[in-house]
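In what follows, a single structure is set out as structure tokens and then discussed.
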Amino acid sequence: MMNNAFSRPANAIHYELLHQTPLGPQHVSSSGTATFLIEEKLERQSQLAIKVGDEVQTGQKIAPFADRPAYFVSSVTGTVAAVHPQTGDFGKQYTAIEVTLSETEELAEGPETLEPTLTCLNEWLAGTPGKPPLHLFEAVDHGIHTLVVAGVDADLLVATNQYIIKSEMHAINRGIDVLKEATGVGSVAIAVPRDLVQGFGHTSADTLKAVAPEYPAAQPRLIVYEAFGQEIPAEKSCEEMGYAFFSAEAVASIGKAFDSGRLPYEKTLTLVDKNGRKNIISARIGTPIADVLAAHRIETGHKDRLILGGPMTGFAIYDEQAPIEADTDAILVQDAADVSLVSDYPCVNCGECVRVCPTRVPVNMLVRFLEAGQYEDGAELYDLYSCVDCGLCSFVCIARIPIFQYIRLAKYELSRLTEAEASDAQ
Amino acid sequence: MRSEKMFIVSHAPFWHNGSNVADRHYGMLMAAMPAVALGIVHYGMSAVAVVALAVSTAIFWEWLMCRISKRPVTVADGNAALLGLLFAMLIPATTPWWVVMVGTLLTVVIGLHIFGGIGSNPFHPVAVAMMMLMVSWAEFLDFNAALVHYNFTFNAVFPLSLSKNFGSAAVADFSSLNLLLGRQVGGIGSTFGLGLIGGGLYLMAKRYIRWEICLSFLASIFVTALAFHLAAPDQYAGPMFHLLTGYTLIGAFFLLPESASSPVNPIPMLIYGAGAGIMTMLIRNIGNYYDGVLLAVLLMNLVNPLLDKIRPKALGKVA
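Here it is in structure tokens:
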């Protein structure tokens with residue numbers, strides 16, 4: 001039932017390297033529509049500054065709300081066909097803007113001037129391919145001292161940022177210069193797979209950090225631990241400890257924008273077909289995934305699984321028409337025969353999860369609390385917050401308990417609780 | 427949504443290493459086969475009858491408990507069959523049918539299901555059942571009495587009773603080789619040293635059981651027995667004798683490492699195994715019973731949750 005790629009032993013999972021720079025990304029075009037998602041809740045149509053039938057141009061910045069600064073950069077020329085609310089994972093609220101493409105493409109004027117300031121970056125490039133987390137620098141007392149450009153992808157099979165770091169170093173250097181000036185950050189480091197450190201050319205970064213090939217070493221908390229030698233306290237995030245992670249693609253997009261004066265909208269991503277074959281492709285943000293699959297002749301069938309992101313931490317989606325977003329680094333298609341299912345079998349305490357856990361969380365005990373909904377006890381007694389969300393515990397669980405899902409759910413519920421308490425206190 | 431085909435939407439990870447609980451149980455059943463086979467060679471059809479009855483009734487009790495407690499019937503995972511087989515391996519081939527049935531009932535119902543089924547048993551279910559039988563009907567489990575009508579080519583006295591009653595000289599003619607080859611009386615599947623060791627190695631290689639537990643137990647038996655032997659060579663038999671007689675080997679590879687009732691962290695596993703070895707030897711040499719493995723298993727099962735609190739500090743945990 002499972003082919004070899006799906007049954008590798010837990011202690012031997014390695015990130016794959018792109019050994020030579022692959023041929024330039026194969027471009028995929030949209031067949032007729034593009035959808036843009038904005039992380040804002042649409043309550044009433046009257047909030048909108050745009051309406052169905054409005055013309056949009058390629059590269060045009062559009063702020064769809066009259067009362068909010070949120071915006072997107074249209075990657076196509078066409079007319080707005082629909083604007084509707086959409087709900088994502090964990091109840092996240094989006095507003096979706098659907099655009100029907102017109103026959104001819106018209107390029108919008110770029111921003112008049114792009115200045116290396118945080119305000120300017122936020123105004124034009126917050127949704128650029130790679131989705132730079134500029135908000136990390138917005139808080140007055142952010143305390144960010146190191147900007148880490150991740151030339152590694154945290155999940156398996158995904159090779160997007162590894163590809164960018166090999167092929168777009170020029171743009172990355174430019175992006176680093178811009179970010180240094182805009183944020184005043186003290187130090188910039190590039191994280192690359194250990195095997196690529198040798199022969200790495202000159203960069204604008206201050207240091208180069210090697211990332212071990214064993215999954216999940218490319219996960220930000222583990223990069224800080226292994227490469228910077230600092231153990232991030234379980235309750236703190238990387239940014240709270242002064243490390244801001246930007247994907248290589250985000251930095252390259254910023255660099256390209258400053259080089260060309262136009263807003264980038266071409267997303268690079270890894271497409272993995274049902275046989276595990278990898279392709280680096282590029283497509284405009286907003287392109288329906290169905291178009292990408294069609295262009296690569298990947299047929300999907302009933303009970304297949306369509307995953308955004310990698311096999312360990314990605315999210316399965318139900319709709320082929322879902323668009324490529326600024327942070328969609330991979331599309332993974334899994335055949336119905338390879339879909340591994342979870343079970344409601346109880347934990348038999350075999351200890352595989354404890355042995356595989358990269359952060360030494362007592363998963364066997366934790367999952368007993370999480371199954372019972374005792375999230376706070378799980379966090380206090382059994383190190384819930386030491387978890388770095390790698391999913392290995394679920395991968396090796398012989399009872400096939402959805403451990404990782406319990407952990408994500410627990411963190412989400414606890415964050416809601418904290419938010420509710422914070423708002424009560426006010 | 428927009429088409430008839432529907433995708434499976436589930437949560438990460440989307441890969442699994444392919445392991446499952448049933449494989450583990452069937453692997454353990456296979457690993458036990460050589461030892462059972464020699465038991466059948468020694469004891470003939472009565473051993474076949476006991477094994478068949480134990481396995482089938484254990485499965486039946488499991489099925490019944492699943493039905494009564496309105497839970498999905500989990501007979502197919504092989505757990506009940508494994509428990510039935512392990513129970514049969516510990517008892518004499520002449521055990522009456524009703525003792526076998528009561529034994530598997532105690533194993534599956536009292537040992538396992540009243541605690542909540544697989545994964546929730548604080549003790550090894552078979553050890554629980556065996557101790558209850560030993561308290562209630564010791565005469566059926568006395569190997570010397572039970573196997574008196576068999577004619578063997580080897581000394582047909584239970585070795586541990588000889589050493590306990592008559593000192594180490596009485597067991598001088600049990601060579602390690604003979605013990606390894608199963609030339610001793612005992613439970614149906616607990617006397618064939620080589621078979622049990624082979625099964626144990628297979629299970630450790632497949633990572634179905636943890637070497638930390640097995641090896642620390644055997645090492646601790648060896649060291650403790652050696653200490654007794656050196657202190658009073660006439661009274662206490664040597665370490666090899668204790669390693670290869672009674673339930674030592676079946677305990678090391680099939681009873682102690684049972685996952686729900688044993689620790690998962692490295693240091694607790696070592697303490698767990700070593701503690702069971704010391705307790706076994708104390709009971710054998712000083713206590714009342716001939717063999718102490720089952721009691722040692724139960725005792726260490728009892729302290730397992732405490733032991734497992736010794737664990738490495740998680741990443742980012744403030745001390």
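Protein chains in written order, with the numbering used here: chain G, 1 to 426; chain B, 427 to 745.
Note that the Cβ used here is the ideal one computed from N, Cα and C, for glycine as well.
Contact check, residue i vs residue j, beta carbons under 8 Å
| i | j | result |
| --- | --- | --- |
| GLU320/G | THR300/G | yes |
| GLY510/B | TYR452/B | no |
| THR287/G | SER30/G | yes |
| VAL526/B | THR483/B | yes |
| ALA189/G | ALA205/G | yes |
| ILE285/G | CYS353/G | no |
| SER594/B | GLY672/B | no |
| MET312/G | PHE395/G | yes |
| LEU409/G | GLU376/G | no |
| PRO233/G | ALA34/G | no |
| GLY255/G | ILE172/G | yes |
| ALA438/B | PHE315/G | yes |
| LEU675/B | GLY713/B | no |
Supposed close pair residue i, residue j - CB separation, criterion 8 Å
| i | j | result |
| --- | --- | --- |
| GLY613/B | ILE517/B | 6 Å |
| VAL149/G | ALA248/G | 6 Å |
| VAL747/B | PHE513/B | This structure cannot settle anything about residue 747/B, because the visible part of chain B is limited to 427 through 745. |
| VAL52/G | VAL73/G | Incorrect: roughly 20 Å between the Cβ atoms, too far for contact. |
| LEU306/G | VAL339/G | Not quite, the Cβ-Cβ distance comes to about 11 Å (not below 8 Å), so this is no contact. |
| CYS347/G | ILE281/G | Not quite, the Cβ-Cβ distance comes to about 40 Å (not below 8 Å), so this is no contact. |
| VAL477/B | VAL462/B | 6 Å |
| LEU370/G | GLU239/G | LEU370/G to GLU239/G, Cβ: 26 Å. No contact. |
Cutoff 7 Å; reference residue i; Cβ partners in own chain excluding five residues on either side
| i | result |
| --- | --- |
| GLY725/B | Before going on, a small fix: residue 725/B reads as Leu here, not Gly. Closer than 7 Å at the Cβ level, and outside the excluded window around LEU725/B, lie MET705. |
| CYS387/G | THR359, VAL361 and ILE407 |
| GLY110/G | GLY59, GLY261, ARG262 and LEU263 |
| ASN570/B | VAL583, PHE584 and SER587 |
| ALA473/B | GLY465, ILE466, ALA519 and ILE614 |
| ILE317/G | LEU306 and LEU308 |
| ASP304/G | VAL333, GLN334, ASP335 and ALA336 |
Among the options, nearest to residue i - alpha-carbon criterion
| i | options | result |
| --- | --- | --- |
| LEU732/B | ALA571/B, PHE600/B, ILE697/B and ALA678/B | ILE697/B |
| VAL56/G | SER167/G, GLY351/G and VAL99/G | VAL99/G |
| LEU464/B | THR617/B, VAL435/B and TYR628/B | THR617/B |
| ALA212/G | GLY201/G, SER282/G and LEU196/G | LEU196/G |
| TYR469/B | LEU605/B, GLN610/B, THR533/B and ASP660/B | GLN610/B |
| GLY184/G | PRO116/G, VAL224/G, LYS303/G and ALA234/G | PRO116/G |
| ILE434/B | VAL342/G, CYS390/G and ARG355/G | VAL342/G |
| GLU43/G | GLN86/G, THR79/G and GLY78/G | GLN86/G |
| ALA139/G | VAL152/G, LEU118/G, ALA154/G and LYS131/G | LEU118/G |
| ALA182/G | ASP327/G, TYR345/G, ASN279/G and LEU114/G | LEU114/G |
| ILE176/G | ALA250/G, ASP141/G and LYS267/G | ALA250/G |
| SER562/B | TRP523/B, GLY529/B and MET707/B | GLY529/B |
| GLN374/G | LEU417/G, LYS209/G and PHE90/G | LEU417/G |
| TYR662/B | LYS590/B, TRP489/B and PRO738/B | LYS590/B |
| LEU208/G | VAL224/G, ASP327/G, ALA191/G and GLU214/G | ALA191/G |
| PHE680/B | PRO694/B, PHE643/B, GLU565/B and ASP660/B | PHE643/B |
| PHE36/G | ASP389/G, TYR265/G, ARG277/G and LEU271/G | TYR265/G |
| LEU669/B | LYS632/B, MET454/B and GLY608/B | GLY608/B |
| ALA108/G | ILE97/G, GLY78/G, LEU134/G and ALA126/G | GLY78/G |
| TRP637/B | ALA657/B, ALA658/B and ASN691/B | ASN691/B |
| LEU490/B | ALA475/B, GLY545/B and ALA506/B | ALA506/B |
Proximal residues to residue i (C-beta, below 8 Å), its chain only, five neighbours per side dropped
| i | result |
| --- | --- |
| GLY242/G | GLY143, ILE144, HIS145 and THR146 |
| ALA66/G | GLN47, LEU48 and ALA49 |
| GLU40/G | PHE65, ARG68, ALA70, GLN93, TYR94 and THR95 |
| PRO498/B | CYS492 |
| ASN4/G | Its pLDDT being 37, under 50, ASN4/G is placed unreliably by the model, and nothing is read from it. |
| MET2/G | Bear in mind that a pLDDT of 36 at MET2/G, under 50, signals an unreliable position, so the model cannot answer this. |
| ASN730/B | PRO548, SER687, SER688, PRO689, PRO694 and TYR698 |
| ASP273/G | ASN279, HIS296, ILE298 and VAL333 |
Contacts that residue i makes with chain A (C-beta to C-beta distance below 7 Å)
| i | result |
| --- | --- |
| LYS743/B | Although the question refers to chain A, the structure presented lacks it and instead comprises the protein chains G and B. |
Residues near residue i in its chain [Cβ-Cβ closer than 6 Å; skip 5 each side]
| i | result |
| --- | --- |
| ALA457/B | GLY625, TYR628 and LEU629 |
| THR533/B | LEU509, PHE513, PRO551, VAL552 and ALA555 |
| PHE6/G | Because the pLDDT of PHE6/G is 38, which lies under 50, any placement of that residue in the model is unreliable, and the number read from its coordinates should be weighed accordingly. So the qualifying residues of the chain are ASP338. |
Check your understanding: the stretch 616–636 of chain B: which residues have C-beta closer than 7 Å to a C-beta of chain G, in chain order?
Key -> none
Point to revise | Residues within the stretch 429–460 of chain B neighbouring chain G, beta-carbon criterion of under 7 Å | key: LYS431, MET432, PHE433, ILE434, VAL435, SER436, HIS437, ALA438, PRO439, PHE440, TRP441, HIS442, ASN443, GLY444, SER445, ASN446, VAL447 and ARG450
Check your understanding: Between the stretch 539–551 of chain B and chain G, which residues of the former have a C-beta closer than 8 Å to a C-beta of the latter?
Key -> GLY542, GLY543, ILE544, GLY545 and SER546
Point to revise | chain G contacts made by the stretch 726–738 of chain B, where a contact means CB separation under 7 Å | key: ARG737 and PRO738
Exercise for review: Check each residue of the stretch 642–663 of chain B: if its Cβ is closer than 7 Å to any Cβ of chain G, include it; give the result in chain order.
Suggested key: none
Check your understanding: Residues in the stretch 345–368 of chain G with C-beta within 7 Å of chain B's C-beta atoms, listed in sequence order?
Key -> TYR345, PRO346, CYS347, VAL348, ASN349, CYS350, GLY351, VAL354, THR359, ARG360, VAL361, PRO362 and ASN364
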